[in-house]
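Below is one structure, written out as structure tokens; the observations come after it.
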Amino acid sequence: MARVVVDVMLKPEILDPQGQAVQGALARLGFGGVTSVRQGKRFEIDVAGPADDDLAARAEQMAGTLLANLVIEDFTVRVEP
Amino acid sequence: MARVVVDVMLKPEILDPQGQAVQGALARLGFGGVTSVRQGKRFEIDVAGPADDDLAARAEQMAGTLLANLVIEDFTVRVEP
Amino acid sequence: MTVDTVAHAAATPDVVQPFAELGLKPDEYERIRAILGRRPTSSELAMYSVMWSEHCSYKSSKVHLRQFGEKAPKTDALLVGIGENAGVVDIGQGWAVTFKVESHNHPSYVEPYQGAATGVGGIVRDILTMGARPVAVMDPLRFGPADAPDTRRVLPGVVAGIGGYGNCLGLPNIGGEVVFDETYLGNPLVNALCVGTLRHGDIKLAKASGPGNLVVLFGAKTGGDGIGGVSVLASETFDADGPAKRPSVQVGDPFTEKVLIECCLEIFAADLVVGIQDLGGAGLSCATSELASAGSGGMHVVLDRVPLRDPTLSPEEILMSESQERMCAVVEPAKAARFLEICERWDVTATVVGEVTDTGRLVVEWHGEVVVDVPPRTVAHEGPVYHRPFARPGGQDDLQADAPTADRLPRPSTPDELRATLLRMVAAPNLAAKTWVTSQYDRYVRGNTVLAQPEDAGMVRVDEETGLGVALATDGNGRHCRLDPYAGAQLALAEAYRNVAASGARPLAVTNCLNFGSPEDPAVMWQFAEATRGLADACLELGVPVTGGNVSFYNQTGEVAILPTPVVGVLGVIDDVDRRTPMGFGPEGETVLLVGETRDELGGSEWAHVVHGHLGGLPPVVDLRRERQLAEILVAGSRDGMLTAAHDVSDGGLAQALVEMCLRSGRGARVFLPDGVDPFVALFSESAGRAVVAVPRSEELRFTDMCVARHVPVVRIGVVDGDALDVQEQFSVTVEELRAASEATLPALFG
Amino acid sequence: MAARIGVVTFPGSLDDVDAARAVRLAGAEPVALWHKDRTLQGVDAVVLPGGFSYGDYLRCGAIARFAPVMESLVDAARGGLPVLGICNGFQILCESHLLPGALTRNDSLHFVCRDQRLRIENAATAWTSAFQPGQEIVVPLKNGEGSYVADERTLDELEAEGRVVARYLDVNPNGSRRDIAGISNAAGTVVGLMPHPEHAVEPLTGPTTDGLGFFTSVLTRLVGA
Ligand SMILES: Nc1ncnc2c1ncn2[C@@H]1O[C@H](COP(=O)(O)OP(=O)(O)O)[C@@H](O)[C@H]1O
Ligand SMILES: [Mg+2]
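So the protein lines, in turn, are chains E, V, A and S.
Quick note on the working numbering: the first sequence kicks off at 1 and runs consecutively.
Quick note on the working numbering: the second sequence kicks off at 82 and runs consecutively.
Quick note on the working numbering: the third sequence kicks off at 163 and runs consecutively.
Quick note on the working numbering: the fourth sequence kicks off at 914 and runs consecutively.
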């Protein structure tokens, strides 16, 4: 059994209203010094089989075709045993 | 300048309809062997100042009071320089 | 993990069981032992404890609710009455509707989004279960003070949850309420109403008849949701480590429910079920015992066939789980294949988990061993019944004596004071525009919404060919009920009834959600007894039967109960929705009339609340005969095309009614207050039995003649004109200024 | 014979009944298409209706894009079949890359339902020919993720080629770049629209009947062809 973790974040040039709302709320709560907040998604995917290169390649594909919309998002993939 | 990364995931026992939908879609797309998908949130927070213990403590607080809903979610916090 | 089987229970009579932690009283536990002739197994204990809870058994309210049946008015309209998942009402042309309001108060306080969302999900399944297509929802809500920090947590979450679930189901939200009061701070009320439509022949009932028929569980998988509200499980004593603490928060999946709805409707259309029941509170315990007890009397269930989301669940937990989006159907074996095929088409998980028997026993098996063997009636229908003591509280007289008379509470008298009071009232959270809330709800989906908020009633078209439609309104005034629960409940009914009539629909039937504090407090129980008595009496007099409802007790923080809040929903029918009457003014030059009588009635009024923070005196007088006459006038006026606008007068009085008619249409009015009445009383009194209407000049005489013939007072109070509400000899406010005052409040509070 | 216009139902589609009604009121025959079927049943045009396909989980339209019916639809659309994507349908068209850009969370972070004034910027597409260029209309809008985004180059291109079909007036309800409410492909056959014309086809149930024009437009084109 292996775990794939995919992080999907909006591209930097895309406006992130959720992140902005969080930033505003943090400021109101008295957390100072926050210069930027971005909110994205995290997927934890459990897959039968070994955590090998083949899985890494498949994970890359899952992320690129389904999990992220490359028009507006970037992703990173990690495979953990 | 330091970066705080907060991962927020639904508690394991809480229903995750989004994760289920992704799992179903991955199966239909022919990605076999996926036994579970959980979808959560990832926050990338840039904060002025050093990446020290104090920041770690504040980050923990931000996550516990605002970023995660502890009734249904767990979180992990990482501070990076 | 050891499993507590029936055989084991019989052999170990002396095992100490955690019945108290599960909410059972010692005598209730003894009764279970007497019924079974042995101690219950842990699974049986789980079942009895959830089914005999206040929520499921109505043990404190039952003796009072009976009046709704005993005093029910004679009517041919009721196809299914109280006792099923929801009542069914004949609306003619072969069509029927089913509707019901339910509470999800406590869960919405704990987790506002999910609590409210699953509240919508639950009531929608109740309507679906009757064989109907759900067609609209409404959401009567109550929160703490609008500016309280916790309200800022609860309200946005509740609204997002109701929208998130209802919008995703494709059900238009056609109305509701948003009310703020101190007493709801730790106890928000989240009530949800759903209405569905069906043909007469399509009614489905929750009963498992026909031995040999299959019991099919379908929809979402079962998880640990909703278990552990008391955090101790029946099995505790049998498992040294104790079960993992399960989440008590239920998470909704509206997508699964939407698919389940379409799947069910296809199954109904193919006539594939003998009986059907949704899984709501008490989950499988409730569904199996109720189905069996209403049918052939017995059922055999193989619990390990239940599809699980969490494989570690124990049998007790599976029986108690309140996982959402599940249904249970009884299917003839010959039709099972077709049933499963339709589920497959919709990707709905469906599993045969048992079959109907005629043994008179509900038997549940777990890995080949019997863990439950009970007479199902004793679980579902023969739970405890309490005659709780009730007494009029000592302070009630003082409260009623504290009337808001002119010398007790200073009243505005100059034109400037009246104008300032009006603007202050218009902007007060209870009267201000609720657009911030309602713009988060889809009111268009399905394309049959004829009227939606902020109209007096929501109205949906049922039949596109003929224009047959139904209208619905919900109302409740906790302050009035606090002053006099008997009259207060009647006023709530009268207001909803009047709202439905104002839209042009003929009131037909009633549902209610009775939100109260602890039934163990005799003062609260008195409020409850008075409110139910008042409601039942008024339903009889107005000729509208109660078809179903819900009771929510224990809405209190410490010793302090919420205002007694019966929320009453009225359903009406209109033969052609084209004839509906909107609330906004029609063309300029039309005559504005006030129908009904205005008295100096400010007890429990919005004015006393906003301006003086005062609650005392008596609520407005209830005159049900007048309400009936007024409704007849409004319905006839709509049918005969005399009315271009109608709006009922309630919270905030005539002033607020006129403001709302101006805001809705963007048109102003020139208004003359009737002679001989104090302008303040004329504007702000909350006398019941009144409505403002606008009629074309050509219809004025015909309309007033109709009122006179029925001995209902009517006065011409002005004309639709200009772009200001111009109260002659007093003051003038432009519609724009009114709009600014009305619309700024909620966005300023909630962002 | 009346033109046949397909309306696709995905699990979670909601406004398919409304789209079918609008098609009918415009004088065409609605044909129900099912997400699991590959066939388009020989229809003359297709509407992808609003709703929450697959719960709108992950991203709106992201999962529906991979439904079997979409394979046939994408091919047919590339071949010139007129397709109108409304709301969720617009999102699906973007996810399928039949239209550029993407629809993201409203800047208010709330779902919004309102009667929205629009200006028809391009009255030459398959779905807007019944309007006058620059005509102002009011139709319902209801979405949680309706903010249209694309990079500046794409936006400039859309503007230059007249592919901005409709623009929000008075209020930008969701933060869309350049107030964009709808766009088309280069051929003007595939149109994506955030607001809901199918909810403005009857005076009794809609704020106006302005929406009917989208459905009569395609009919004129089909009959003319
Ligand atoms: N306040 C009430 N007025 C009338 N009927 C009520 C009221 N409260 C509950 N009932 C009826 O009692 C029956 C049982 O209610 P309940 O167990 O809540 O049903 P369900 O589990 O289907 O929601 C239903 O028929 C319901 O309509
Ligand atoms: Mg039920």
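For every residue, glycine included, the Cβ atom is placed at its ideal position computed from N, Cα and C.
Does any residue of chain S have a CB that is nearer than 9 Å to the CB of residue 67 (chain E)? yes
Using a C-beta to C-beta distance shorter than 8 Å, which residues of chain V count as neighbours of residue 64 (chain E)? What residue 64 (chain E) touches in chain V: nothing, since even the nearest Cβ is about 12 Å away.
As a quick exercise: from V:154, V:143, V:161 and V:155, pick the residue whose alpha carbon is nearest that of residue 24 (chain E). V:143
Taking three-plus beta-carbon pairs below 8 Å as touching, is the segment 792-802 of chain A in contact with the segment 671-679 of chain A? no
Would you kindly report the start and end of the unbroken alpha helix (DSSP H) that includes residue 1068 (chain S)? 1065-1073
One or two residues paired with residue 240 (chain A) in a DSSP bridge: A:251
Residues of chain E with a CB under 8 Å from the CB of residue 972 (chain S): which are they? 69
Mind pulling the chain V residues with CB within less than 9 Å of residue 385 (chain A)? 94, 95 and 96
Should residue 155 (chain A) be labelled buried (16 or more other beta-carbon atoms within 10 Å of its own) or exposed? Here chain A covers residues 163 to 913 and nothing more, so residue 155 (chain A) does not appear.
So, are the CB atoms of residue 924 (chain S) and residue 383 (chain A) less than 9 Å apart? no
Residue 1128 (chain S), enclosing alpha helix (DSSP H) - first and last residue: 1125-1137
Rank A:255, A:733 and A:296 by C-alpha distance to the C-alpha of residue 665 (chain A) and give the top, closest one. A:733
Run through DSSP, which three-state label would residue 1022 (chain S) get? coil
Where the segment 942-970 of chain S meets chain V: residues whose CB sits under 7 Å from a CB there: 967, 968 and 970
By the 10 Å Cβ neighbour count, where 16 or more other Cβ atoms means buried, how is residue 217 (chain A) classified, buried or exposed? buried
Pairing CB atoms from the segment 411-429 of chain A with CB atoms from the segment 446-453 of chain A, are three or more of them under 8 Å? no
At least one CB of chain A closer than 9 Å to the CB of residue 1064 (chain S): is that the case? no
Just curious, the alpha helix (DSSP H) that residue 691 (chain A) is in, first and last residue? 684-704
Could one say the Cβ of residue 975 (chain S) lies closer than 9 Å to chain V's Cβ atoms, at least one of them? yes
Interface partners of residue 109 (chain V) on chain S, CB under 8 Å: 979
In chain order, what are the residue ranges of uninterrupted alpha helix (DSSP H) at least 4 long that sit wholly in the segment 801-833 of chain A? 815-827
Residue 710 (chain A) burial status per 10 Å Cβ neighbour count (16 or more: buried): buried
Using the beta-carbon count (16 or more within 10 Å), is residue 575 (chain A) buried or exposed? exposed
Between residue 131 (chain A) and residue 11 (chain E), what straight-line distance do the alpha-carbon atoms span, to the nearest angstrom? Look at the range of chain A in this structure, 163 to 913, and you will see that residue 131 (chain A) is not part of it.
Output the distance between the C-alpha atoms of residue 398 (chain A) and residue 197 (chain A), rounded to the nearest integer angstrom. Reliability fails at residue 398 (chain A), whose pLDDT of 47 lies under 50, so the model's placement of it is uncertain and the value that follows must be treated cautiously. Each residue's alpha carbon lies about 23 Å from the other.
So, using beta-carbon positions, are residue 1097 (chain S) and residue 1044 (chain S) closer together than 9 Å? no
Kindly give me the distance between the Cβ atoms of residue 304 (chain A) and residue 251 (chain A), rounded to whole angstroms, as I take these residues to be in contact under 8 Å. About 27 Å separates the two Cβ atoms, so there is no contact after all.
Give the straight-line distance between the Cα atoms of residue 1076 (chain S) and residue 275 (chain A), rounded to the nearest whole angstrom. 39 Å
Interface residues of chain A facing residue 934 (chain S) [CB-CB closer than 9 Å]: 609 and 626
What does the Cβ neighbour count give for residue 777 (chain A), buried or exposed, with the cut at 16 atoms within 10 Å? buried
Do you know how far the Cα of residue 850 (chain A) is from the Cα of residue 227 (chain A)? 26 Å
What does the alpha-carbon distance come out to for the pair residue 1116 (chain S) and residue 1124 (chain S)? 11 Å
Indicate whether residue 645 (chain A) and residue 779 (chain A) have their beta-carbon atoms separated by less than 9 Å. yes
If you reduce the DSSP assignment to three classes, tell me which class residue 356 (chain A) lands in. strand
Whose Cβ in chain S lies nearer than 7 Å to the Cβ of residue 21 (chain E)? 1022
Relative to chain E, which residues along the segment 121-137 of chain V have a C-beta separation below 7 Å, given in chain order? 121, 122, 123, 124, 125, 126, 127, 128, 129 and 130
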